[in-house]
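Since the structure comes first, as structure tokens, the remarks are kept for the end.
There are 2 protein chains.
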Amino acid sequence: KQQVAVIGLGRFGTAVARELVKAGHEVLGIDHNLDVVQELSADLSHVVQADAIDQDTLQRLGIEDFDTVIVGITEVLETSILATLIAKRLGVPRVIAKARNELHGEILERVGADRVVYPERDTGMRLAHAWSSMDITDSLDVVEGYIISRVMVPEGLVGRRLDEALRADEGVSLLLLVRGAHVIVYPSGDEVLATEDVLVLAGQTEALERFFSGIR
Amino acid sequence: KQQVAVIGLGRFGTAVARELVKAGHEVLGIDHNLDVVQELSADLSHVVQADAIDQDTLQRLGIEDFDTVIVGITEVLETSILATLIAKRLGVPRVIAKARNELHGEILERVGADRVVYPERDTGMRLAHAWSSMDITDSLDVVEGYIISRVMVPEGLVGRRLDEALRADEGVSLLLLVRGAHVIVYPSGDEVLATEDVLVLAGQTEALERFFSGIR
Ligand SMILES: Nc1ncnc2c1ncn2[C@@H]1O[C@H](COP(=O)(O)OP(=O)(O)OP(=O)(O)O)[C@@H](O)[C@H]1O
Ligand SMILES: Nc1ncnc2c1ncn2[C@@H]1O[C@H](COP(=O)(O)OP(=O)(O)OP(=O)(O)O)[C@@H](O)[C@H]1O
């Protein structure tokens, strides 16, 4: 398990911090807003009220001993950029920073951020890539034009065998079949689809689109 | 292909609109900021300057004929909520709206949004779920604690056969092997891993974590 410091507990910072605690990592949250600090004091390993760009305070908190620092601040670019630079100068091996836009992202890379995330842009792109007549609940871009998508089993397929529902010639592969908490990898063709099943499919976006619209 | 209207061309709205045009859908962009409208006029099928909550204007633009309307506005909640309600009252089959936070999201659902997206929260959660010592470039949550992750092939595995690199007992499955633009589904055990290969792996988060930290 790792030690992670999250500087800036907005929507992004809070979501990362909470999920890392759930996964068993040790998380220190830092924010200059006392309400935020109090609200999260029960959820994170430690939460302190401090100024993200006060190098002395960050050193006193032992920031250099953390495996990763996440900077989740974008309203004031100077704060995000300085906090990232300070963390790298103190020797933190990995700094991940949220960017407001591409220009901000480029500055963060130049001052040493190991990874820059763009929540609004990436969520917009993911929504468009998983676009289809089916209700795709989530997707992963594999290469341009080829995606993995997670869908509830369409009503038109319930009760059918897999090898009937998904003929080999359609260019769509079923990677995983999820039944409750049980995940079946490479399901065999004689598996019969049931309501509530979740399918994880892979293929060219057009092939998936054709497959879904053919089920109607 | 579908007809989609995107109301509010911020980072999220612009990203969705651009990617949908790339995928061949017809996209109408609407924003009240003239600079934004001009900037995107070359990228989208149509872009107009209009007020998102002016029902007469939306009707004149023929909003009810669109398959989907996306509302990407969160600075002023009233605007997002009214635009969503107007689109549903005009009969748009699917409205997808960006929410600032959970309370905003609940109001959007109550006024008829078919789907609500939370870019900052979801990106934060995805980052934490794909957390590991390896550089996971993207991930998909299958069920709680089980993910699919896309990684560059680790240096320690280059030159090795798949069945050596990934022993069956580790609880990690290789779903796809990506070599340039070529995607190999269910790669066979005698495949030899090369630099630049991209692996799409599935497994319990702990099993993936163990697999990655064992490669060092
Ligand atoms: N100098 C600072 N020191 C510590 N915390 C700060 C500082 N500046 C901002 N913050 C905190 O960082 C958090 C996120 O800040 P900000 O609003 O800039 O980011 P955001 O990108 O809008 O966040 P979100 O993740 O909600 O989109 C807030 O909780 C804020 O109190
Ligand atoms: N009443 C309105 N009519 C039309 N467009 C509007 C209206 N209000 C805001 N917009 C536009 O919507 C876009 C996004 O607005 P806003 O800043 O509220 O969202 P945001 O959630 O901060 O965006 P993002 O995070 O995606 O960048 C802006 O380009 C803005 O000009």
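Each protein sequence line maps, in turn, to chains A and B. For what it's worth, the numbering used here labels the leading residue of the first sequence as 1, then goes sequentially. For what it's worth, the numbering used here labels the leading residue of the second sequence as 1001, then goes sequentially. Think of the CB as a built atom: it goes at the ideal place given N, C-alpha and C, for glycine as much as any other residue. Because the structure is a prediction, the values reported are computed rather than measured.
Which residue's Cα is closest to the Cα of THR1014/B: HIS1046/B, ALA1130/B and ARG1121/B?
-> One-based indexing of the second sequence puts residue 1014/B at position 14. Nearest to THR1014/B by alpha-carbon distance, out of HIS1046/B, ALA1130/B and ARG1121/B, is HIS1046/B.
Curious, which full-length beta strand (DSSP E) runs of at least 3 residues does the segment 1175–1201 of chain B contain?
-> For the segment 1175–1201 of chain B, the full-length beta strand (DSSP E) segments reaching 3 residues or more read 1182–1185 along the chain.
Give a yes or no on whether 8 angstroms exceeds the smallest Cβ distance from PHE1012/B to chain A.
-> Taking the first residue of the second sequence as position 1, residue 1012/B is located at position 12. Judged by the 8 angstroms Cβ criterion, PHE1012/B is in contact with chain A.
Considering only residues of the same chain and omitting the five flanking positions on each side of TYR146/A, which have a CB-CB separation below 8 angstroms?
-> Position 146 of the first sequence, counted from the first residue, corresponds to residue 146/A. The answer, listed in chain order, is ALA202, GLY203, GLN204 and THR205.
Would VAL1047/B count as contacting chain A if we go by Cβ distances under 8 angstroms?
-> The residue labelled residue 1047/B in the question sits at position 47 within the second sequence. At a cut-off of 8 angstroms between beta-carbon atoms, VAL1047/B makes no contact with chain A.
Please confirm whether ILE1007/B and ALA1042/B have their CB atoms less than 8 angstroms apart.
-> As a working note, residue 1007/B is residue 7 in the second sequence. As a working note, residue 1042/B is residue 42 in the second sequence. No, these two residues do not count as a Cβ contact at 8 angstroms.
THR1057/B beta carbon near ligand 2 (any heavy atom closer than 7 angstroms) | Along the second sequence, one-based indexing puts residue 1057/B at 57. Set against 7 angstroms, the gap from the CB of THR1057/B to the closest heavy atom of ligand 2 is not smaller.
Look at the alpha carbon of ILE1073/B and the alpha carbon of SER80/A, and state the distance between them as a whole number of angstroms.
-> To locate residue 1073/B, count along the second sequence from 1; it is residue 73. To locate residue 80/A, count along the first sequence from 1; it is residue 80. Near 24 angstroms, if we compare the C-alpha coordinates of SER80/A and ILE1073/B.
Grab the span of the beta strand (DSSP E) containing GLY13/A for me, first residue to last.
-> Position 13 of the first sequence holds residue 13/A. Counting along the chain, GLY13/A falls outside any beta strand (DSSP E), though it belongs to the alpha helix (DSSP H) covering 11–22.
Terminal residues of the continuous beta strand (DSSP E) containing VAL117/A?
-> Stepping through the first sequence from its first residue, residue 117/A is reached at position 117. Run containing VAL117/A: 115–117, per the beta strand (DSSP E) assignment.
In or out: VAL1076/B buried (at least 16 other Cβ within 10 Å) or exposed?
-> Numbered from 1 along the second sequence, position 76 holds the residue referred to as residue 1076/B. By the neighbour-count rule (16 or more Cβ atoms within 10 Å), VAL1076/B is not buried but exposed.
Any chance the CB of ARG11/A is under 7 angstroms from a heavy atom of ligand 1?
-> The residue labelled residue 11/A in the question sits at position 11 within the first sequence. Distance from the C-beta of ARG11/A to the nearest heavy atom of ligand 1 is below 7 angstroms.
Who are the neighbours of HIS129/A on chain B, taking C-beta pairs under 7 angstroms?
-> For the purposes of this step, residue 129/A is identified with residue 129 of the first sequence, where counting begins at 1. Those are GLU1019, listed as they occur along chain B.
To the nearest angstrom, report how far apart VAL1085/B and ILE63/A are at their CA atoms.
-> Taking the second sequence and counting its residues from 1, one reaches residue 1085/B at position 85. Taking the first sequence and counting its residues from 1, one reaches residue 63/A at position 63. Strictly speaking, residue 1085/B in this sequence is Leu, with Val absent from that position. Taking the straight line from one Cα to the other gives about 47 angstroms.
Is the beta carbon of VAL1016/B sitting closer than 8 angstroms to the one on ALA207/A?
-> Counting from 1 along the second sequence, the entry for residue 1016/B is found at position 16. Counting from 1 along the first sequence, the entry for residue 207/A is found at position 207. No, these two residues do not count as a Cβ contact at 8 angstroms.
List, in order along the chain, the chain B residues whose C-beta lies closer than 9 angstroms to that of ARG121/A?
-> Along the first sequence, read from residue 1 onward, the residue named residue 121/A stands at position 121. For the C-beta of ARG121/A, the chain B residues within less than 9 angstroms are, from N- to C-terminus, ARG1011, PHE1012, THR1014, ALA1015 and PRO1119.
Can the beta-carbon of VAL37/A be found less than 8 angstroms from the beta-carbon of VAL4/A?
-> In the first sequence, counting from the first residue as 1, residue 37/A sits at position 37. In the first sequence, counting from the first residue as 1, residue 4/A sits at position 4. Judged by their CB atoms, VAL37/A and VAL4/A are not nearer to each other than the 8 angstroms cut-off.
Tell me, please, whether the CB atom of ILE148/A is closer than 8 angstroms to any CB atom in chain B?
-> Looking up residue 148/A in the first sequence gives position 148. For ILE148/A, at least one C-beta of chain B is nearer than 8 angstroms to its own C-beta.
Contacts that ASN1101/B makes with chain A (C-beta to C-beta distance below 7 angstroms) = Along the second sequence, one-based indexing puts residue 1101/B at 101. Correct list: ARG11.
Residue environment, THR195/A, which counts as buried when at least 16 other CB atoms sit within 10 Å = By 1-based counting over the first sequence, the position of residue 195/A is 195. Classification for THR195/A: exposed.
Shorter than 8 angstroms from the beta carbon of MET125/A to some beta carbon of chain B?
-> Here residue 125/A corresponds to residue number 125 of the first sequence, with the count starting at 1. Answer yes: the Cβ-Cβ gap between MET125/A and chain B drops below 8 angstroms somewhere.
Give a yes or no on whether 8 angstroms exceeds the smallest Cβ distance from VAL1116/B to chain A.
-> Walking along the second sequence from the start, residue 1116/B turns up at place 116. No, VAL1116/B does not count as interfacial toward chain A.
Mind listing which residues of the segment 157–177 of chain A have their C-beta closer than 7 angstroms to chain B's C-betas, in chain order?
-> Near chain B, meaning a CB-to-CB distance below 7 angstroms, the residues of the segment 157–177 of chain A are SER173, LEU175 and LEU176.
Would you call the CB atoms of LEU1044/B and VAL1069/B closer than 8 angstroms?
-> The residue labelled residue 1044/B in the question sits at position 44 within the second sequence. The residue labelled residue 1069/B in the question sits at position 69 within the second sequence. Contact: no.
Buried or exposed: PRO93/A, going by 16 or more other Cβ atoms within 10 Å of its Cβ?
-> Looking up residue 93/A in the first sequence gives position 93. Looking at its Cβ environment, which holds fewer than 16 other Cβ atoms inside 10 Å, PRO93/A is exposed.
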